[in-house]
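Scroll down for the structure; my scribbles are underneath it.
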Amino acid sequence: MAAASSALRKTVFRVATVTGTGALGWAYLQRLPKAQDDHRLSWRECLFTRLYTTFVAPVVMQTDAETAHNLTLRAGELLQACRLLLEPSRSNLPLDWLLRPAAAHPASPGPSLRQELFDGRLVFDTPVGIAAGFDKNALLVPLYRLGFLQLGFAEVGSVSAEPAMGNDRPRCWRIPSDQAVINCMGLNNEGAESVAARLKSFSHVADGSPIGVNIAKTHNPSIVGPAAIEDFVQSFKVLAPLADFVVLNVSCPNTVEGKTFEEPSALADLLSAVARQKQAMQWERPPPPVLVKLMATPDSDAGRACQRQLLAVIEDSQLVDGLVISNTIKNPEAPLSRAGREEADQIGKGGVSGKVIHSRSVAAIRSAFEATGGRLPIIGVGGTDSAEAAYEKIRAGASLVEVYTGLVYKGPGLVTDIQAGTESLQTIASVCSLSGFPSLRSHVLWGFAPDQFGKPLLAFGSCANQPAKE
Ligand SMILES: Cc1cc2nc3c(=O)[nH]c(=O)nc-3n(C[C@H](O)[C@H](O)[C@H](O)COP(=O)(O)O)c2cc1C
Numbered sequence: 001m002a003a004a005s006s007a008l009r010k011t012v013f014r015v016a017t018v019t020g021t022g023a024l025g026w027a028y029l030q031r032l033p034k035a036q037d038d039h040r041l042s043w044r045e046c047l048f049t050r051l052y053t054t055f056v057a058p059v060v061m062q063t064d065a066e067t068a069h070n071l072t073l074r075a076g077e078l079l080q081a082c083r084l085l086l087e088p089s090r091s092n093l094p095l096d097w098l099l100r101p102a103a104a105h106p107a108s109p110g111p112s113l114r115q116e117l118f119d120g121r122l123v124f125d126t127p128v129g130i131a132a133g134f135d136k137n138a139l140l141v142p143l144y145r146l147g148f149l150q151l152g153f154a155e156v157g158s159v160s161a162e163p164a165m166g167n168d169r170p171r172c173w174r175i176p177s178d179q180a181v182i183n184c185m186g187l188n189n190e191g192a193e194s195v196a197a198r199l200k201s202f203s204h205v206a207d208g209s210p211i212g213v214n215i216a217k218t219h220n221p222s223i224v225g226p227a228a229i230e231d232f233v234q235s236f237k238v239l240a241p242l243a244d245f246v247v248l249n250v251s252c253p254n255t256v257e258g259k260t261f262e263e264p265s266a267l268a269d270l271l272s273a274v275a276r277q278k279q280a281m282q283w284e285r286p287p288p289p290v291l292v293k294l295m296a297t298p299d300s301d302a303g304r305a306c307q308r309q310l311l312a313v314i315e316d317s318q319l320v321d322g323l324v325i326s327n328t329i330k331n332p333e334a335p336l337s338r339a340g341r342e343e344a345d346q347i348g349k350g351g352v353s354g355k356v357i358h359s360r361s362v363a364a365i366r367s368a369f370e371a372t373g374g375r376l377p378i379i380g381v382g383g384t385d386s387a388e389a390a391y392e393k394i395r396a397g398a399s400l401v402e403v404y405t406g407l408v409y410k411g412p413g414l415v416t417d418i419q420a421g422t423e424s425l426q427t428i429a430s431v432c433s434l435s436g437f438p439s440l441r442s443h444v445l446w447g448f449a450p451d452q453f454g455k456p457l458l459a460f461g462s463c464a465n466q467p468a469k470e
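If you want it as C-alpha cells, here you go:
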C-alpha cells in the first residue's frame, strides 16, 4: 500500500514537473517577439530568424543597446578576418556556409532581383542593403563587398570631416513593446581622414556589392553657416573618390545645433558648393552618384509642401542622382503604443526607428516619387522588417531598401527572409503582369509603378485585384 502511494506521488510529481516546465516554456515563447510575420515563408525558410528571435534576442535584449551593437561589430570584424584569410582558398571549408554564404547557396538570390541603377553606373545583385549608422566607421566593408548575408549593398557612416565623440552615453535605447529603437548618438565617428585610410586599406576587395559612404556635418555647434558647408565639402573631397555612391545626410535629428540644411536656401548653398567641388576634382574613375538623405516629412499637406520645396532645390542642383528616405523621426512625433510612449517620454530626446516609422516613411517615399516623377531612384528606409514592408516601399517608389532596426529584433536572417519573400512576390507579380498588368518600369523592381496605379492593387499572396488601365 505504502509502495503504491509512493509510486503515485512520484508519478504526480513527474507529471506536474513536465506540465509546469512546458507551461513556463510556452509562456516564455509567447513573450518573445514574433519570429516572422511573413506568412509566405515556411518555418525552414526563416529558420535563422526563428533561432535568433528564440535563443539570441532574449540574451541580446538583456544587454545595453550600444554595447550589444559594439559586440556585433567586433564579431563581424573577427568573421571578416577569417573570411579574408580564407579568400585565396577556393576549397570547400567546414564553415563555408557561414563565411561564404554566396558559395553555399549559389542559386540564391535569384538573378531576377538584380538591378542597374544610376544610368547603369551601379549594379545591385539584390535590393536589400544595410542602412547608415550600423557601421559608422566602415569597419566591415570587405564583408559587405563579398556579399555577406547576401546584402546587395551597404551604406557606411555617417562620417564627418572631423572626428566626433557624439553625445554622452546612454544614447541608444530599445523599446521592445514597439520593436523600436531611440537613439541620440550625435554622429559619433572617427572622422573622414581615418575612415578614408581604412577604405584604402580595403582596396584589394574592390569588386562586389556597392558601398555608399554617408557624410554629415561634424557634430559641433560652433560649425555653422559657410563653415558648415566647407565641413561637408571637405568630407566629400576625401571620401567621394573611395565610394561607389555618396549620401549627403542633411536630416540627422540628433545634433545640438538642430536643423542645418533642411531649409531650402541652406540646402541650395550646400548642393552648389558640393557640385563645385565635384567639378574641381580629378577623377580616376567616373564620379560616384550623389544622393541626399531626407527626413520623413509628416504625411500631411504641410509636410508634403515642405518636401516639395526641398525636392525642387535638389532637382535644380544638377548634382543629385538619388534620394534616401528616410532618417529616424523625432521622439515626440513617433506613433508609439501607450507603453512605448511612456518609455519614450522618460528618454525625452532622440530619433525613433523601427516598424512604427514604416508608414510615415512609405508616405514620404510615395510623395517624393510623385513630386519627382520617378526621375531620382529612391532608397527606402525606415521600419523595414519583412518582405511585406520592403515590397510596400517598392510599391511606393523605392528602387532599393535598407534595414537597420529590423536586424536588432529579427537578426541577420532578415535580409535573406526579405529576399525570399520578395522573390515569391515577384513571381506573383509576373503572373499578374501576364494576366494584364502593364509593363514594369525598369527602375522600380518587382513593383508596379505607383504613378500608374495610384494605390496598391496587388494583394499579398493573391492576384485578386484587377489590373489598372494602361
Ligand atoms: C543607432 C542608430 C544610429 C544611426 N546613425 C545614423 C547615422 O549616423 N547617419 C544616418 O544617416 N542615419 C543614421 N541612422 C538612421 C538609419 O540609417 C535609418 O535611417 C533609420 O534607423 C530608419 O531605419 P530603420 O527603422 O530600419 O532602423 C541611425 C539609426 C540608428 C538606430
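What the sequence shown shows, in the working numbering, is residues 1 to 470, in sequence order.
Using N, Cα and C, we set each Cβ at its ideal position, and we do this for glycine too.
Remember, predicted model here, so these are calculated numbers, not experimental data.
K455 to V141, Cα distance in whole Å?
Confidence in K455 is poor, its pLDDT being 32 and thus under 50, which makes the residue's placement unreliable; the coordinate value appears in the next sentence. Near 38 angstroms, if we compare the C-alpha coordinates of V141 and K455.
DSSP puts V128 in a beta bridge; with which residues?
V401
Between the alpha carbons of Q471 and L117, how many angstroms are there, rounded?
Residue 471 lies beyond the stretch modelled for the chain, which goes from 1 to 470, so this question has no answer here.
How about F232 and A266: are their beta carbons less than 9 angstroms apart?
no
Check whether the Cβ atoms of P210 and V156 sit closer than 9 angstroms, and answer yes or no.
no
Is M185 close to ligand 1? I mean its beta-carbon at under 8 angstroms from any heavy atom of the ligand.
yes
Under 8 angstroms by Cβ, that's how I've got G421 and A398 pegged, so tell me the actual separation to the nearest angstrom.
Between A398 and G421 the Cβ distance is about 15 angstroms, and since that is not below 8 angstroms, they are no contact.
Take the Cβ of E284 as the centre, count every other Cβ of all protein chains shown within 10 Å, and call the residue buried at 16 or more, exposed below.
Sixteen is the threshold: since fewer than 16 other Cβ atoms of the shown chains lie within 10 Å of the Cβ of E284, the residue is exposed.
Kindly give me the distance between the Cβ atoms of G129 and G152, rounded to whole angstroms, as I take these residues to be in contact under 8 angstroms.
5 angstroms
Got a sec? Which residues, its chain only, sit under 6 angstroms from I223 by beta carbon, not counting five neighbours each side?
D231
Cβ atoms of V356 and A334: under 9 angstroms apart, would you say?
Result yes, Cβ atoms of A334 and V356 sit closer than 9 angstroms.
Please report the distance separating the alpha-carbon of D168 from that of G186.
9 angstroms
Less than 9 angstroms between the C-beta atoms of A132 and V247, yes or no?
yes
Is any non-hydrogen atom of ligand 1 found closer than 8 angstroms to the C-beta of S353, if you look at the structure I gave you?
yes
What do you reckon, is the C-beta of A154 under 8 angstroms from a heavy atom of ligand 1?
no
Alpha carbon to alpha carbon, how far is L310 from K278? Give it in angstroms, no decimals.
21 angstroms
Terminal residues of the continuous alpha helix (DSSP H) containing R174?
First-last for R174: 172-175, but that is the beta strand (DSSP E), not the alpha helix (DSSP H).
Check this for me: beta carbons of L79 and F148, under 9 angstroms apart or not?
yes
Verify the CB distance criterion: does S194 have a CB-CB separation below 9 angstroms to chain C?
Absence of chain C from the displayed structure is noted, only one protein chain being present.
Report buried or exposed for Q318, applying the criterion of at least 16 other Cβ atoms within 10 angstroms of its Cβ.
exposed
With a threshold of 8 angstroms, establish whether the CB of T63 neighbours any heavy atom of ligand 1.
Here the distance from the Cβ of T63 to the nearest heavy atom of ligand 1 is not below 8 angstroms.
E190: which of L8, W26, A161 sits nearest, CA to CA?
A161 is the residue among L8, W26, A161 whose C-alpha sits nearest the C-alpha of E190.
Using DSSP with H/G/I as helix, E/B as strand and the rest coil, what is Q115?
Three-state DSSP puts Q115 in a strand.
Using 10 angstroms around the beta-carbon of G348, count the other beta-carbons present and answer buried if the total reaches 16, otherwise exposed.
exposed
Please list the segments of the beta strand (DSSP E) lying wholly inside the segment 56-90, counting only runs of 3 or more residues, in order along the chain.
none
Report the partner residues of N183 according to the DSSP bridge assignment.
C172, G351
Roughly how many angstroms lie between the CA atoms of C260 and I379, to the nearest whole one?
What sits at residue 260 in the sequence shown is Thr, not Cys. Cα to Cα, T260 sits roughly 22 angstroms from I379.
If you reduce the DSSP assignment to three classes, tell me which class L311 lands in.
helix
If you draw a straight line from the alpha carbon of A240 to that of P287, how long is it in whole angstroms?
8 angstroms
Going by other Cβ atoms of all chains shown within 10 Å of its Cβ, with 16 needed for buried, is D64 buried or exposed?
exposed
Does K217 come out as helix, strand or coil in the three-state DSSP assignment?
It is coil, neither helix nor strand.
Do I365 and ligand 1 come close, with the Cβ less than 8 angstroms from some heavy atom?
No; taking the cut-off as 8 angstroms, the Cβ of I365 has no heavy atom of ligand 1 nearer than that.
Per DSSP, which residues does L323 bridge with? Please list them.
Residue pairing by DSSP places L323 opposite V292, I378 in a beta bridge.
Helix, strand or coil: how does DSSP classify N189 here?
strand
CB of S526 to nearest heavy atom of ligand 1: below 8 angstroms?
Within the shown structure, residues of the chain are numbered from 1 to 470, placing residue 526 beyond reach of any answer.
With distances taken from CA atoms, which of V195, R114, I329, G322 is nearest G208?
R114
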